[in-house]
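Taking it in order: structure first as structure tokens, then the write-up.
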Amino acid sequence: MPKDRKYVSLKKSGTLNKDFREVKDKLFKEHSFFDAKDLVQVKYEMLRRVSRDETSVTEASRAFGFSRPSFYEARDSFDKDGLAGLIPRKPGPKKAHKLNDQIMDHIFEENLEGAKSIDLKKIIEDKFGVSVHPRSIERAISKQKKKKGI
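Per this note's numbering, the sequence shown starts with residue -6, numbered consecutively.
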């Protein structure tokens, strides 16, 4: 795959190593097979270097452009999920954590799903002490309706 297509692919998949210039390891400098822009390859080679070549964590982290805590995080992810564990995940919450089941049940039990989201925001704040953006409430109700087939 040509370099520019690979770059676009890495960027699109979230596996582009933005700090590729920090990779000082000689394999990445001397051999075209090793690509410092490929974050998964860099992390894997860093882990392999410590486990197989008996390089210290400090040396490997420095050579591959990572901090020691990042090394341990990568190792734990790799131990848990294999190669897939080295692929970065999107940051942030994975689901609506403020609008829990208790709040959503209350909205549907009281037939409040037709109310204006700004009014629901006030009800949720008063009853549950949780501040939620009106648009988040709208999305949660829509998702719940789809789930229940309403």
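C-beta atoms are modelled at their ideal positions from N, C-alpha and C, and glycine is treated no differently.
In whole angstroms, give me the CA-to-CA distance for residue i and residue j.
i, j, result
"Glu66", "Pro127", "36 Å"
"Asp69", "Ser63", "10 Å"
"Ala53", "Lys91", "41 Å"
For residue i, which of the options has the nearest alpha-carbon?
i, options, result
"Val123", "Asp69, Lys88, Gln95 and Ser49", "Gln95"
"His99", "Arg61, Asp31, Asp119 and Phe21", "Asp119"
"Lys83", "Phe13, Ser6, Val1 and Leu105", "Ser6"
"Lys17", "Phe59, Gly78, Arg41 and Arg(-2)", "Phe59"
Where does the unbroken alpha helix (DSSP H) through residue i begin, and where does it stop?
i, result
"Asp94", "Asp94 to Glu102"
"Arg132", "Pro127 to Lys141"
"Asp74", "Arg61 to Asp74"
"Phe121", "Ser110 to Phe121"
"Glu52", "Val50 to Phe57"
Would DSSP call residue i helix, strand or coil?
i, result
"Leu105", "coil"
Which complete alpha helix (DSSP H) runs does the stretch 21 to 46 hold, if anything under 4 residues is left out? Segments of the alpha helix (DSSP H) lying fully in the stretch 21 to 46: 32 to 45.
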